[in-house]
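Engineer: Have a look at this one.
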Amino acid sequence: MHLSRRGLLMTAAALPLIPRPTWAQAKDSLIMGLSSYPPNIDPFLHGGTAAGTVKLCIFRGLTSFAESGSVQPELAESFEPETETTWVFRLRDALFHDGSPVTAEDVKWTIETVAAETSTAYMRSEFQTVTSVETPDAKTVRITTATPTVTLPLWFANFNMPIIKKDSLENPIGAGPFTLKNQDRGVAIDLEAFDRFYKPGLPKLRSIRMVAYADENLRVAALQTGDVDLIEYVPWQSMAAIEGDSALRLTTTNGPFMGLGFNGARGPFADPKVRQAAAFAINRQDIVDAVFFGRGAPLESIPYEVDGPFFNEDLSTHWRYDPDKAMALLAEAGMDGGFECTLLSTSQYGMHKTTAEIVQQYLAQVNIAVTLNMPDWATRQALGGRGQYDILIDGTTAESPDPDGLAPILDSTLSPSSSRSYGIPATRLHELFVQGRAEFDQDKRKAIYRDLELELHQIVTKCGLAWRSQGYAMRANLDGFANLPGSLTFYSGRTLETTSFA
Amino acid sequence: MAWVAQRIAISLVLIWIVTTIVFMAIHLVPGDPAEALLTQGGMAADPALIHQLRVDLGLDRPILVQYAGQLGGMLTGDLGQSMMDGAPVTGLIAQRLGRTLELIAAAAVLAVVFGLPSGTAAALRQGGWFDRLASGIAAVSMAMPVFVIGTLLIMLFAQQLRLMPAGGYVPFLQDPAQHVILLAMPAITIGVGLIAIVFRMTRAAVLDVMTRDYVRTARAKGVSRRRVLTRHVIRNALMPVVTVLALHLGTLLGGTVLVEFVFNWPGLSGLLVDAVNARDYPVVIGVVLTVSILFILLNLSVELLYGVLDPRSRQT
Chain A
1 MHLSRRGLLM
11 TAAALPLIPR
21 PTWAQAKDSL
31 IMGLSSYPPN
41 IDPFLHGGTA
51 AGTVKLCIFR
61 GLTSFAESGS
71 VQPELAESFE
81 PETETTWVFR
91 LRDALFHDGS
101 PVTAEDVKWT
111 IETVAAETST
121 AYMRSEFQTV
131 TSVETPDAKT
141 VRITTATPTV
151 TLPLWFANFN
161 MPIIKKDSLE
171 NPIGAGPFTL
181 KNQDRGVAID
191 LEAFDRFYKP
201 GLPKLRSIRM
211 VAYADENLRV
221 AALQTGDVDL
231 IEYVPWQSMA
241 AIEGDSALRL
251 TTTNGPFMGL
261 GFNGARGPFA
271 DPKVRQAAAF
281 AINRQDIVDA
291 VFFGRGAPLE
301 SIPYEVDGPF
311 FNEDLSTHWR
321 YDPDKAMALL
331 AEAGMDGGFE
341 CTLLSTSQYG
351 MHKTTAEIVQ
361 QYLAQVNIAV
371 TLNMPDWATR
381 QALGGRGQYD
391 ILIDGTTAES
401 PDPDGLAPIL
411 DSTLSPSSSR
421 SYGIPATRLH
431 ELFVQGRAEF
441 DQDKRKAIYR
451 DLELELHQIV
461 TKCGLAWRSQ
471 GYAMRANLDG
481 FANLPGSLTF
491 YSGRTLETTS
501 FA
Chain B
1 MAWVAQRIAI
11 SLVLIWIVTT
21 IVFMAIHLVP
31 GDPAEALLTQ
41 GGMAADPALI
51 HQLRVDLGLD
61 RPILVQYAGQ
71 LGGMLTGDLG
81 QSMMDGAPVT
91 GLIAQRLGRT
101 LELIAAAAVL
111 AVVFGLPSGT
121 AAALRQGGWF
131 DRLASGIAAV
141 SMAMPVFVIG
151 TLLIMLFAQQ
161 LRLMPAGGYV
171 PFLQDPAQHV
181 ILLAMPAITI
191 GVGLIAIVFR
201 MTRAAVLDVM
211 TRDYVRTARA
221 KGVSRRRVLT
231 RHVIRNALMP
241 VVTVLALHLG
251 TLLGGTVLVE
261 FVFNWPGLSG
271 LLVDAVNARD
281 YPVVIGVVLT
291 VSILFILLNL
301 SVELLYGVLD
311 PRSRQT
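Laid out in structure tokens, this is it:
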């Protein structure tokens with residue numbers, strides 16, 4: 001074919017005029033817009049939610065979270081408790097990306113690597129209770145813990161606890177549905193289908209390109225223009241526009257939540273009555289409306305999954321807005337004349353900033369004069385961990401749908417961290433968490449976690465403010481991708497294995 | 001040559017001072033890389049883990065020891081490794097710097113291509129309709145923040161007309177056409193302000209030169225209007241224009257951050273912002289060092305260019 005110079009120039013000039021979706025990508029390749037470029041994709045470090053999505057594609061654990069929210073077998077074909085302190089996992093025939101089989105030895109090595117003394121693995125503390133890992137044969141792993149641990153299968157579904165090939169820590173080899181093809185730091189991560197993934201017919205996509213769009217408006221614009229097929233962290237102000245676009249689809253769930261933390265080591269908030277007063281003084285609907293454009297729900301008690309078996313309807317509105325009650329509690333604490341305090345939040349994220357401003361306004365109505373401290377996120381983390389605040393705004397999610405997944409957030413007897421309130425003695429709360437994770441009887445567990453909810457109402461190591469609707473948006477012809485319910489929303493990347501274009 | 005050597009020596013001292021100030025400043029603010037690395041997604045890690053990672057990264061050593069290590073590395077050309085993922089800092093900077101320079105160069109080309117002729121034309125017909133129109137547009141362009149221009153371009157050309165991608169980056173070798181398309185809107189966004197600056201400077205300089213005696217003399221000698229313009233007016237008017245353009249390009253090295261953010265263009269500014277947020281000390285120092293050196297080199301180049309445009313300046 002002869003192409004004249006004029007023809008070539010005209011073709012080049014017309015390139016931008018070609019409707020984008022027709023030349024964006026083949027239908028078996030997906031482009032996903034991440035909310036940030038993962039700081040790392042180390043299998044055992046918590047690299048954030050974007051990193052979690054990538055890791056769920058490359059690695060797999062012994063278990064995973066199903067679309068119903070329950071724990072399901074993954075690299076393990078089955079798992080069951082042998083005794084109250086021993087769990088047995090039987091492995092399926094799965095291959096690592098280098099073609100070698102996933103064996104019990106690899107599982108044992110992974111657990112020991114995570115639990116090692118100099119390990120910096122996110123799940124290290126959990127595995128300190130493991131007293132032995134036995135491998136009776138290549139497909140069986142027996143894990144014994146010092147105390148009964150009903151929650152142990154949950155640990156292996158965490159995206160920070162995948163199984164990697166023995167001795168591959170330097171260049172981790174996983175057994176997920178996609179292999180890591182290329183990384184362009186700050187730009188994109190390219191994944192390619194692993195053709196020997198252990199689930200027949202999966203993954204359905206040939207490749208995935210994960211592109212980081214830190215600006216939420218650009219992330220939405222990229223979806224609307226067809227530059228990407230799927231985005232995470234849909235900004236709340238854009239959800240209505242996406243719902244109104246027939247070419248797009250939005251899926252949301254209430255799972256992450258905003259909360260108020262306290263410094264119990266100093267000042268007025270050392271008194272539990274003052275903490276209770278603060279919890280009653282805030283009209284949470286305003287936070288839902290102003291921060292999340294009505295897409296969320298007030299959180300007026302412990303953040304148990306609303307559809308889960310541990311949710312207590314009768315206790316769920318305990319902290320409903322009641323300024324009179326707040327004033328009465330302050331009077332009981334001898335603080336009815338009011339006081340001044342500092343609130344630590346961050347100006348780096350709009351939802352943290354605006355939540356802080358609303359809390360400030362409501363506390364002012366019960367004579368608590370709040371001075372806002374809104375540094376960048378890294379400074380906020382450092383100040384929070386050191387207890388350099390009176391009250392603190394937090395946005396987080398439970399580790400799992402099980403109530404035990406709230407322990408890292410509510411159990412202030414654990415080591416100081418910016419995720420937990422500082423310096424509040426909460427022995428009873430801690431004991432209930434310990435009892436709950438050691439109890440195998442479901443009814444008894446429900447009773448324990450009801451007591452825990454009542455205890456939290458008294459001690460208020462953290463008070464919930466608002467559930468926030470967490471959304472993924474995608475092209476309407478994308479099938480098989482699911483926004484996992486509640487606190488599991490950030491595990492939705494697992495379903496990229498079943499995702500395809502219709 | 002002695003003058004150049006003196007300038008280089010002063011520049012090296014300046015670079016050392018800037019690096020030291022930045023090193024001390026970033027170590028003084030709260031937050032550290034170990035904590036940033038381990039406390040992602042709102043969930044904080046155990047302090048024991050943070051301490052272990054601090055030891056692994058060498059952050060438990062006295063600050064003066066860390067400073068000495070950083071300076072020693074710089075002298076041997078080793079800027080160290082990123083604390084986020086262990087990537088060599090020099091590699092990261094080389095990759096990102098090229099992208100930022102490309103953006104700035106594209107904007108500079110636009111500024112010269114559109115700013116110089118329009119500024120000259122406006123000066124030659126001072127007070128005419130073109131002069132008034134172009135001066136008005138230039139005033140508005142200079143007053144508009146880049147993120148407003150960028151957002152408007154995205155809304156119009158990407159979201160409404162669907163003619164251009166909203167933003168992003170593809171390496172040139174991977175897809176040349178897509179690379180140029182993705183470069184267009186951020187380059188125009190930066191270019192709008194630069195065109196306005198070059199237009200105004202050119203217009204003022206041409207007006208000024210046209211009143212000079214040598215122009216009048218040339219005209220009196222019967223030199224053609226075209227020759228007077230090209231040989232005398234434009235050549236002499238270029239000096240202040242080049243100075244201002246060069247100074248603005250230097251500023252843009254650290255100032256493209258908003259444009260890079262709005263268009264998801266992964267340049268040097270974005271690397272610096274990410275590194276500061278993550279308290280990634282070696283990367284912060286590396287980027288500041290690079291920008292300082294480039295800024296100094298740019299100024300040096302401007303002075304050398306003076307020598308070409310105005311031979312009299314070589315004697316001073």
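Those protein sequences? They're chains A and B, same order as listed. Terminal number for the first sequence in the numbering used here: 502, no gaps in between. Terminal number for the second sequence in the numbering used here: 316, no gaps in between. The beta-carbon is built from N, C-alpha and C at its ideal position, and this holds for glycine as well. It should be emphasised that the depicted structure is a prediction, and the values quoted were computed from it without experimental measurement.
#1: Measuring only between beta-carbons, confirm whether B/Thr-100 sits less than 7 Å from chain A.
#2: With distance defined between alpha-carbon atoms, name the residue in A/His-430, A/Ala-364 and A/Thr-355 nearest to A/Gly-337.
#3: Taking 7 Å as the cut-off, decide whether the C-beta atoms of A/Tyr-362 and A/Asn-263 are in contact.
#4: Taking the CB atoms as reference points, tell me whether A/Ala-221 and B/Ala-158 lie closer together than 7 Å.
#5: Nearest to A/Leu-205 by CA position, among A/Phe-490, A/Gly-480 and A/Pro-485, is which residue?
#6: Run through the segment 26-75 of chain A for me and flag every whole beta strand (DSSP E) of 3 or more residues, listed as ranges in chain order.
#7: When Cβ atoms are compared, which residues of the segment 139-165 of chain B fall closer than 9 Å to chain A?
#8: Ignoring anything shorter than 4 residues or poking outside the segment 54-93 of chain B, list the alpha helix (DSSP H) runs there in chain order.
#9: Is it the case that the segment 156-173 of chain A contacts the segment 444-461 of chain A, given that we only count it when at least three CB pairs across the two stretches are under 8 Å?
#10: Among A/Asp-42, A/Arg-124, A/Val-107 and A/Pro-101, whose alpha-carbon lies nearest the alpha-carbon of B/Pro-47?
#11: CA-CA distance, B/Pro-33 and B/Val-89?
#12: How should B/Val-65 be labelled, buried or exposed, when 16 other C-beta atoms within 10 angstroms of its C-beta is the threshold for buried?
#13: Between A/Phe-269 and the rest of its own chain, which residues show a CB-CB distance below 8 Å, the 5 nearest in sequence each way excluded?
#14: For B/Gly-254, which residues of its own chain have a beta-carbon under 6 Å away from its beta-carbon, when the five flanking residues on both sides are left out?
#15: Using a 10 Å radius around the Cβ and a threshold of 16 neighbouring Cβ atoms, would you call B/Gly-115 buried or exposed?
#16: Short check: CB of A/His-318 to CB of A/Asn-160, under 7 Å?
#17: Cβ closer than 8 Å: which chain A residues qualify as neighbours of B/Leu-38?
#18: Would A/Pro-298 pass as a contact of A/Arg-284 if the rule is Cβ separation under 7 Å?
#19: First and last residue of the alpha helix (DSSP H) that includes A/Phe-292?
#20: 7 Å is my cut-off, CB to CB: does B/Asp-280 come that close to chain A?
#21: At a cut of 8 Å, does the segment 137-150 of chain B reach the segment 193-210 of chain B through at least three beta carbon pairs?
#22: Where are the beta strand (DSSP E) runs, 3 residues long or more, that stay fully inside the segment 259-285 of chain B, in chain order?
#23: Could you work out which residues of chain B lie near A/Asn-40, taking near to mean beta carbons separated by less than 8 Å?
#24: What I want to know is whether the C-beta of A/Ile-368 ends up closer than 6 Å to one or more non-hydrogen atoms of the ligand MG.
#25: Any C-beta of chain A sitting closer than 7 Å to the C-beta of B/Gln-174?
#26: Sort B/Gly-150, B/Leu-207, B/Leu-124 and B/Ser-118 by Cα distance to B/Ile-137 and report the nearest one.
#27: Between the Cα of B/Gly-86 and those of B/Ala-111, B/Leu-53 and B/Leu-103, spot the shortest distance and give me the residue it belongs to.
#28: Quick check on DSSP: helix, strand or coil for A/Asp-479?
#29: Please tell me whether A/Gln-285 has its Cβ less than 7 Å away from any Cβ of chain B.
#30: Quick one: grab the DSSP three-state call for A/Ile-189.
#31: So is B/Asp-213 in contact with chain A if we call contact Cβ pairs under 7 Å?
#32: Got a sec, what are the start and stop residues for the beta strand (DSSP E) A/Trp-109 sits in?
#33: According to the neighbour-count rule (16 or more other Cβ atoms, all chains shown, within 10 Å of its Cβ), is B/Tyr-169 buried or exposed?
#34: Tell me which same chain residues have a C-beta within less than 6 Å of the C-beta of A/Thr-498, skipping the five on either side of it?
#35: Leaving out five residues on either side along the sequence, give the residues of the same chain with a beta carbon under 6 Å from the beta carbon of A/Leu-410.
#36: Determine the direct distance from the alpha carbon of B/Gly-69 to that of B/Asp-280, and round the result to whole angstroms.
Structural biologist: Well, looking at it:
#1: No, because no Cβ of chain A sits closer than 7 Å to the Cβ of B/Thr-100.
#2: Selected option, being the one with the closest Cα: A/Ala-364.
#3: Not in contact: A/Tyr-362 and A/Asn-263 (Cβ atoms no closer than 7 Å).
#4: Contact: yes.
#5: That would be A/Gly-480, whose Cα lies nearest to the Cα of A/Leu-205.
#6: Counting whole runs of 3 or more residues, the segment 26-75 of chain A contains the beta strand (DSSP E) stretches 29-34, 63-65 and 71-73.
#7: Result list: Thr-151, Ile-154, Met-155, Phe-157, Ala-158, Gln-159, Arg-162, Leu-163, Met-164 and Pro-165.
#8: DSSP runs (the alpha helix (DSSP H)) wholly in the segment 54-93 of chain B: 63-75.
#9: Touching, no.
#10: Of A/Asp-42, A/Arg-124, A/Val-107 and A/Pro-101, the residue nearest in Cα terms is A/Arg-124.
#11: Taking the straight line from one Cα to the other gives about 15 Å.
#12: Taking every protein chain shown into account, the CB of B/Val-65 has fewer than 16 other CB atoms within 10 angstroms, so this residue is exposed.
#13: Closer than 8 Å at the Cβ level, and outside the excluded window around A/Phe-269, lie Phe-262, Asn-263, Arg-275, Ala-278, Cys-341, Asp-390 and Ile-391.
#14: Result list for B/Gly-254: Val-291, in chain order.
#15: Only buried fits B/Gly-115, as 16 or more other CB atoms lie within 10 angstroms of its CB.
#16: No. Outside cutoff.
#17: Here the neighbours are Leu-45, His-46, Thr-120 and Tyr-122.
#18: A contact, by the Cβ cut-off of 7 Å.
#19: Under the DSSP assignment, A/Phe-292 falls in the alpha helix (DSSP H) whose first and last residues are 284-292.
#20: No, B/Asp-280 lies away from the interface with chain A (no Cβ there is under 7 Å from its Cβ).
#21: Under the Cβ criterion (8 Å, minimum of three pairs), the segment 137-150 of chain B counts as touching the segment 193-210 of chain B.
#22: Restricted to the segment 259-285 of chain B, not a single beta strand (DSSP E) segment is unbroken, complete and at least 3 residues in length.
#23: A/Asn-40 reaches chain B at Leu-37, Met-84 and Asp-85, counting residues in chain order whose Cβ is nearer than 8 Å.
#24: No copy of the ligand MG occurs in the structure displayed, which carries no ligand at all.
#25: So no, B/Gln-174 is outside the interface.
#26: Ranking B/Gly-150, B/Leu-207, B/Leu-124 and B/Ser-118 by CA distance to the CA of B/Ile-137 puts B/Ser-118 first.
#27: Checked all of B/Ala-111, B/Leu-53 and B/Leu-103; the closest Cα to B/Gly-86 is B/Leu-53.
#28: Correct three-state label for A/Asp-479: strand.
#29: Interface criterion not met: the Cβ of A/Gln-285 is under 7 Å from no Cβ in chain B.
#30: Three-state DSSP puts A/Ile-189 in a strand.
#31: Not an interface residue.
#32: For A/Trp-109, no beta strand (DSSP E) run applies; the uninterrupted alpha helix (DSSP H) run containing it begins and ends at 104-115, by DSSP.
#33: It counts as buried.
#34: Closer than 6 Å at Cβ, skipping near neighbours: Gly-480.
#35: Excluding sequence neighbours, A/Leu-410 sits near Thr-461 and Lys-462.
#36: Distance from the CA of B/Asp-280 to the CA of B/Gly-69, rounded to the nearest whole angstrom, comes to 15 Å.
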